[in-house]
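Beneath this line is the structure, given in structure tokens, with notes to follow.
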Amino acid sequence: MKKLEQLYEGKAKKVFATDDPNVVIVSYKDDATAFNGEKKGTILGKGAINNKMTNNLMQRLEQAGVPTHFLEQLSDRETAVKKVTIVPLEVIVRNISAGSFAKRYGVEEGIPFSQPTFELSYKNDDLGDPLLNDSHALALGLATREELDLIRSYALKINELLKGFMKEIGIDLVDFKLEFGKTADGTIVLADEISPDTCRLWDENTHEKLDKDRFRRDMGGAEEAYEEVMRRLMGDR
Ligand code: TMP
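Using the numbering used here, the letters of the sequence shown correspond one by one to residues 5 to 241.
Now the structure itself:
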């Protein structure tokens, strides 16, 4: 497979065309942003960690019956994935109160829920990714009823699987964000990434934050936290 021109550069990844029209190459950067790009920085080594962690988790999700865009890891930072059109929705599942949930509803962080919450945001940086419900997504033509139903069932299944994978390595999965894409034949697959950039991960005993909140909140130790999750995931606990 030949890497061709850059198609897109996002906040944390670049996407390149290949000589196969159905395949693109994702290249993970060390750049970190928060608050819709207002805060910018670098988390050294993050690109390689997020690439490997995403691929590890997506392969395990595939095996459990969740279709994903993953094809083949090419190098530390680069992976071949199915070319998809991203459904412009940020799909967020929460198990424990934190972040914008805690702020919006005026509750403390760290309260476990009796069942997970499911929410959608409109993936639109100019608007600041506003929260929306199914009827809004349908009115805006962002997805069909069938696609929304499928995305919700995949997201809740992914939550159960990821919670289990994280529990095995002593981590509580607090919340996370997913993005789905549509392949050329219209199949909905899990896309984007699953990493400490897109999940809140707390050590189950110390409740130490092992995710991007260390960067968002200027806590320090982001590099070490990403490395720690990677180390545990790769079976070296
Ligand atoms: P929130 O509490 O800020 O809404 O974030 C919920 C989860 O989504 C958290 O695990 C971080 C992740 N997330 C992203 O991946 N990208 C984003 O742009 C935002 C705001 C959150």
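Cβ coordinates follow ideal geometry from the N, Cα and C atoms, glycine included.
Is the separation between the beta-carbon of D138 and that of L152 shorter than 8 angstroms?
yes
Should D133 be listed as close to the ligand TMP, given that the test is whether its C-beta is under 7 angstroms from any heavy atom?
yes
Of the residues E231, E232 and T148, the one placed nearest I192, counting alpha carbons only:
Looking at the Cα atoms, T148 is the closest of the given residues.
K87 by DSSP, collapsed to three states: which one?
coil
Checking contacts by CB at 8 angstroms: is D130 closer than that to chain C?
Considering every chain present, this structure includes no chain C. It has just one protein chain.
Hey, out of A106, K86, F39 and R204, whose CA is closest to D129's CA?
F39
Taking the alpha-carbon positions, what's the R221 to T210 distance?
18 angstroms
Quick one: residues in its chain with C-beta nearer than 8 angstroms to the C-beta of D24, no 5 flanking neighbours on either side, listed in chain order?
Excluding positions up to five away in sequence, the list reads M5.
Does the ligand TMP have even one heavy atom less than 7 angstroms from the beta-carbon of S79?
no
Using 8 angstroms as the threshold, is the C-beta distance between F180 and I155 below it?
no
Could you tell me the distance, in whole angstroms, from the CA atom of L165 to the CA atom of Y158?
10 angstroms
Around the C-beta of Y230, are 16 or more other C-beta atoms found within 10 angstroms, so that it is buried, or is it exposed?
buried
How about L194 and L8: are their beta carbons less than 8 angstroms apart?
no
Span of the alpha helix (DSSP H) around E227:
A226 to L237
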